[in-house]
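Take a look at the structure below.
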Amino acid sequence: MKKALFLGCNNLQLGYLKAAQALGFHVIATDQNPQAPGRDIANEFHVAGYLDQTKLLAACKKSDIEPGHRIFTASAHFAYEGAAVLSEKLGLIFPSSGIIDTCLDKSKFYEALKDAEIPLPETHIYHEGISLDPGHRYYLKSDYGKTPNYNYLIQDVNPSLPALPANDQYYRHCFLLQKEICGQHYRVNLYGSQMAVFLSANEHSFQPLAQLPRFQEEIKEKMQKLVKKLGLNSWLIKFDVLMDSAGWYVIDLGLDPPMRLRQFCQWSGLDFCSAYVKMYLLDEPESLPPWDKIYQPVTITGNSTIGFTFSPQAPPGRVNS
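According to my numbering, the sequence shown is numbered sequentially starting from 182.
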């Protein structure tokens, strides 16, 4: 029997759970919420948070999870940490905790970018008395930060550390100061040999692009080399890329499913969840069609809370009737 252990089964994960079952997987789902939406859909369900190794190990023992079985998550970033630690304890198929930590810890990720000769904005580990270039603004980020809620804009060249919330789960070892880049923000999604690009017009509006306006091949080549070095070739990895008149810069990497690409695929009539599950559970990175075959010009507005609207754009030389 093909078994897949799912960490997290709330509403956003249901599509992946059903897709795994359609592929013949016996799904053992876990969630810290006893009433999680996926509990009645999964073949088995256990109450366990994705960082609670004690409960996860107990769930695996009860459901006869064995070495070689698959573990899957489409939850928040720390779920990948929990999955990696658990997989090392049980011999499950998943990247190592070291690789996952490199992706989550900005201080380690930025070093990986430097090793791969991928440009990033000027970045410093924060310490008392740090001296910064006058006339520039900086962002203060916690090392495991994956949300703009914990980014602080620093305008003083000799900043003092702001008072952070006591429950900032994204700070572990250090804060980083990163020089602000004033330019265009792109979300670049790598899958197999493909690169799906989205322009972020603002926080709640984005547009798919056939390709980046500049540096397309250079960015693609360097990112693919980095992903290969990390051993994440069969995964769909998303990068945040900034571009100004001087060049391009990577500021972050994401492991969780790309919301922009998922919304675009659903609007296009593509089963994104099925393709995504095939990448992770069947090692099929090309399960999503080539980007040049599915790209369509459209403006997507909204978020997962209020929903999304889609405004198709006329291709160059044509006018909508």
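Ideal Cβ positions, reconstructed from N, Cα and C, are used throughout, including at glycine.
Give me the Cβ distance between Ile-335 and Val-369, rounded to the nearest whole Å; I'm assuming they're in contact under 8 angstroms.
No, Ile-335 and Val-369 are not in contact; Cβ-Cβ is about 27 angstroms, not under 8 angstroms.
Alpha helix (DSSP H) segment containing Glu-465, residue limits
Counting along the chain, Glu-465 falls outside any alpha helix (DSSP H), and DSSP gives it neither H nor E.
Given a cut-off of 8 angstroms, decide if Val-208 and Ala-223 are closer than it, judged by their beta-carbon atoms.
yes
Let me check understanding here. Comparing Cα to Cα, which of Gln-213, Ile-274, Ala-257, Thr-304 lies closest to Phe-356?
Thr-304
Suppose you measure from the CA of Leu-195 to the CA of Glu-309; what does that come to, to the nearest Å?
46 angstroms
Environment of Arg-499 [buried if 16+ CB atoms lie within 10 Å]:
At Arg-499, the pLDDT of 39 sits below 50, so the modelled position is not reliable; the number obtained from the coordinates is stated separately. Label assigned to Arg-499: exposed.
May I ask whether a heavy atom of the ligand GTP can be found less than 7 angstroms away from the beta carbon of Pro-276?
The ligand GTP is absent from the structure shown, which contains no ligand whatsoever.
Label Ala-144 either buried or exposed according to how many other C-beta atoms from any shown protein chain fall within 10 Å of its C-beta, with 16 as the threshold for buried.
It is not possible to answer for residue 144, since the shown part of the chain is limited to 182 through 502.
Taking contact to mean 3 or more Cβ pairs, one atom from each stretch, closer than 8 angstroms, check whether the region 380 to 396 and the region 472 to 488 are in contact.
yes
Given Gly-435, which residues of its chain have a CB within under 7 angstroms of its CB, disregarding the five upstream and five downstream residues?
Lys-419
CA-to-CA distance, Lys-406 to Asp-233, given in whole angstroms:
34 angstroms
Hey, quick one: how far does the alpha helix (DSSP H) through Ala-293 stretch, first residue to last?
287 to 296
Between which two residues does the alpha helix (DSSP H) carrying Pro-445 extend?
According to the sequence provided, residue 445 is Phe. The question's Pro does not apply to it. From DSSP, the alpha helix (DSSP H) with Phe-445 extends over 440 to 449.
Let me confirm a value: Ile-362 is counted as buried when at least 16 other C-beta atoms fall within 10 Å, else exposed. Which label applies?
buried
Who does Phe-356 pair with in a DSSP beta bridge?
Ser-323
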